[in-house]
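Here the structure is laid out as structure tokens; the discussion comes afterwards.
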Amino acid sequence: MPELPEVHTTATMLDRLARGCVIHGVWTDYDSAFNRGKSNIKDRKYFKLLKKTITGKKIIGVRRRAKNVLIDLSSNVTILIHMKMTGHILYGKYEKASVVKKEIWKTLEKGPLEDPFNQFIHFVLTLDNGKHVALSDVRKFAKVLFFETNAPPENLLELGPEPLEREFSLKKFIERLSLRQKGKIKQVLLDQTVIAGIGNIYSDESLWYSKIHPESRVERIPHDILSNLFTSVKHVLRDAINSGGDSLSDYRNPRGEKGGYQNFHKAYQQTGKKCRRARCGGTIRRIIIGGRSGHFCDTHQKKY
1 MPELPEVHTT
11 ATMLDRLARG
21 CVIHGVWTDY
31 DSAFNRGKSN
41 IKDRKYFKLL
51 KKTITGKKII
61 GVRRRAKNVL
71 IDLSSNVTIL
81 IHMKMTGHIL
91 YGKYEKASVV
101 KKEIWKTLEK
111 GPLEDPFNQF
121 IHFVLTLDNG
131 KHVALSDVRK
141 FAKVLFFETN
151 APPENLLELG
161 PEPLEREFSL
171 KKFIERLSLR
181 QKGKIKQVLL
191 DQTVIAGIGN
201 IYSDESLWYS
211 KIHPESRVER
221 IPHDILSNLF
231 TSVKHVLRDA
241 INSGGDSLSD
251 YRNPRGEKGG
261 YQNFHKAYQQ
271 TGKKCRRARC
281 GGTIRRIIIG
291 GRSGHFCDTH
301 QKKY
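To convert, note that position 278 of the sequence shown is 278 in full-length UniProt numbering; the numbers rise steadily by one, no gaps.
Below you can see the structure in the form of structure tokens.
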């Protein structure tokens with residue numbers, strides 16, 4: 001699932017590419033009986049309302065909140081896209097074709113957009129400059145909805161603070177973790193109501209750098225070690241942003257290009273490999289914590 005660095009990369013790039021464009025058309029082939037009556041374009045009635053609402057609107061800007069891409073439009077309207085497990089947002093010139101009674105979208109541009117991972121288009125905004133914003137989502141888990149910009153939905157209001165904001169201090173970090181002081185640190189870092197934007201990849205990497213076992217109880221971790229974790233979280237997230245995000249799985253940026261952070265993993269998906277910390281000698285192990293995988297070094301990451 002795209003996490004803070006991938007969503008940041010997407011929002012920043014899309015803002016630069018699409019800001020000022022007017023939406024001329026909207027298309028989707030999402031359709032799910034499970035989503036009937038829900039605020040989600042997988043409900044056909046809701047999609048028709050979204051299409052009517054956003055057609056003709058100008059893109060004022062694109063931003064990120066936690067793992068959500070927010071496309072702000074004129075007339076106080078915002079589109080929210082949560083890319084979920086396999087989604088990523090692309091920008092380029094496309095054409096619609098029909099194949100065996102099914103509509104598909106194909107890129108007209110040579111290069112990264114032709115990557116097979118970019119071919120699962122299920123939501124498209126047609127812009128007045130002849131370009132398209134397209135959501136590729138092989139597993140079709142992504143979520144798209146709209147809301148009044150000055151009245152965000154409850155799930156956005158419930159999110160924790162952003163870890164890279166200047167106001168996010170060590171004191172604030174410890175206060176937020178203390179909300180779940182009996183919880184295991186890995187699970188607490190994944191809780192979006194505690195701190196926003198951190199997922200499986202960056203929790204594993206941050207804990208590796210700060211020498212903390214993922215099953216450590218928050219209340220038992222000394223403050224000086226939590227200080228190390230605070231520094232590690234910021235370091236890892238910034239490094240990943242500078243690398244263009246992580247493309248170990250499906251993620252691609254709006255140009256269709258891979259990120260590079262997967263080349264620097266120390267713990268995530270490194271099961272069985274020797275620890276890369278100098279003079280450690282440990283091995284990376286994998287465990288399940290609260291239904292999620294956790295990767296850690298069996299030697300230098302201490303369990304508190």
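Cβ coordinates follow ideal geometry from the N, Cα and C atoms, glycine included.
Asked, Found
"Which runs of the alpha helix (DSSP H), 4 residues or longer, sit entirely within the stretch 193-260?", "200-210, 223-242"
"Using only the alpha-carbon positions, how far apart do G25 and S32 sit?", "22 Å"
"Rounded to the nearest angstrom, what separates G183 and M85 at their Cα positions?", "25 Å"
"Write down every uninterrupted run of the beta strand (DSSP E) in the UniProt domain \"FPG-type\" (266-302) whose length is 3 residues or greater and which is fully enclosed by it, in chain order.", "284-289, 292-297"
"Report yes or no: do three or more beta-carbon pairs, one from the stretch 251-261 and one from the stretch 216-226, lie closer than 8 Å?", "no"
"Output needed for K93: all residues of its chain with C-beta closer than 8 Å, excluding positions within five of it in sequence on either side, in chain order.", "T107, L108, E109, G130, K131, H132"
"If you drop the 5 nearest sequence neighbours on each side, which residues of the same chain put their C-beta closer than 7 Å to that of K140?", "Y30, H122"
"So, is G37 buried or exposed, given that buried needs 16 or more other C-beta atoms within 10 angstroms?", "exposed"
"Check K171 in the structure and name its three-state DSSP category.", "helix"
"So V77 and T149 are supposed to be a Cβ contact under 8 Å. How far apart are they, rounded?", "6 Å"
"If distances are taken between C-alpha atoms only, which option among R63, V218, I59 comes closest to E175?", "V218"
"Hey, would you say R65 sits closer than 8 Å to L156, going by beta carbons?", "yes"
"Suppose you measure from the CA of E167 to the CA of K48; what does that come to, to the nearest Å?", "40 Å"
"Taking the C-alpha atoms as reference points, what is the distance between K57 and I23?", "6 Å"
"Under a Cβ-count criterion, where at least 16 other Cβ atoms within 10 Å of its own Cβ denotes burial, should I288 be classed as buried or exposed?", "exposed"
"Tell me whether the stretch 244-252 and the stretch 270-286 touch, counting them as touching only if at least three CB pairs, one residue from each stretch, are closer than 8 Å.", "no"
"I54 lies in the alpha helix (DSSP H); which residues open and close that run?", "44-54"
"Tell me whether V7 sits in a helix, a strand or coil according to DSSP, three-state version.", "helix"
"According to the neighbour-count rule (16 or more other Cβ atoms, all chains shown, within 10 Å of its Cβ), is F296 buried or exposed?", "buried"
"Would you say Q262 faces chain B, with C-beta separation under 8 Å as the test?", "Reference to chain B is not applicable here, since this structure consists of a single protein chain."
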